[in-house]
Amino acid sequence: MIISAVVAIAEDNAIGKDNQLLWRLPADLKHFKEITSGHTIIMGRKTFDSIGKPLPNRRNIVVTRKTGLQIPGAEVTSNIEDAIALCTTEEEVFIVGGAEIYKVTMPITDRIYLTRVHQSYEADAFFPEIDFNVWEETSVEKHLPDEKNPVAYTFSTLLRK
Numbered sequence: 653m654i655i656s657a658v659v660a661i662a663e664d665n666a667i668g669k670d671n672q673l674l675w676r677l678p679a680d681l682k683h684f685k686e687i688t689s690g691h692t693i694i695m696g697r698k699t700f701d702s703i704g705k706p707l708p709n710r711r712n713i714v715v716t717r718k719t720g721l722q723i724p725g726a727e728v729t730s731n732i733e734d735a736i737a738l739c740t741t742e743e744e745v746f747i748v749g750g751a752e753i754y755k756v757t758m759p760i761t762d763r764i765y766l767t768r769v770h771q772s773y774e775a776d777a778f779f780p781e782i783d784f785n786v787w788e789e790t791s792v793e794k795h796l797p798d799e800k801n802p803v804a805y806t807f808s809t810l811l812r813k
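Residue numbering for the sequence shown follows my numbering, starting at 653 and increasing by one per position.
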């Protein structure tokens with residue numbers, strides 16, 4: 653099984669503030685949907701709360717410390733190991749946040765689908781530092797701002813060396 657992280661980061665690896673994304677980039681939302689549709693996504697409870705509902709056309713697994721939490725349309729586990737154990741027959745699973753989940757899964761992540769948002773934001777949630785001695789960038793797609801996407805951004809794929 654391939655464990656992949658899907659993340660959009662601003663400068664300084666910022667990913668969020670007050671449990672919300674820092675920007676609105678329709679192209680990144682479309683990219684996320686293309687990558688994850690038809691697959692299993694694993695997220696923390698705070699990320700689930702910020703989305704507000706299970707994402708359609710995906711198996712949603714939510715990791716939480718809250719005992720007894722039930723979420724219609726999602727499977728709930730108390731730790732990342734149990735979440736991954738539910739996916740043994742999957743070809744690829746996608747870690748979609750937030751900061752705590754990215755941090756604990758980084759050592760077992762095989763691939764990162766990375767969107768770099770080329771701007772700084774005030775943030776309170778960050779993606780772990782990416783060590784390019786460990787990761788190889790295998791694809792890069794740069795985009796300038798346009799009428800729908802107000803900041804420059806880059807899609808890239810990183811594979812563990």
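Note that CB positions come from ideal geometry on N, CA and C, so glycine has one too.
The bridge partners DSSP lists for Leu811 are Arg763, Glu788. In this structure, the CA atom of Gln672 is about 32 Å from the CA atom of Thr741. Residue pairing for Arg768: DSSP places it in a beta bridge opposite Ile661, Thr806.
Fewer than three Cβ pairs drawn from the region 677-686 and the region 780-790 lie within less than 8 Å of each other, which leaves the two stretches out of contact. A direct Cα-to-Cα measurement between Tyr754 and Cys739 gives close to 17 Å. In the structure shown, Ala726 falls within a coil segment according to DSSP collapsed to helix, strand and coil.
If you look at Ala737, you'll find it in the alpha helix (DSSP H) that goes 732-737.
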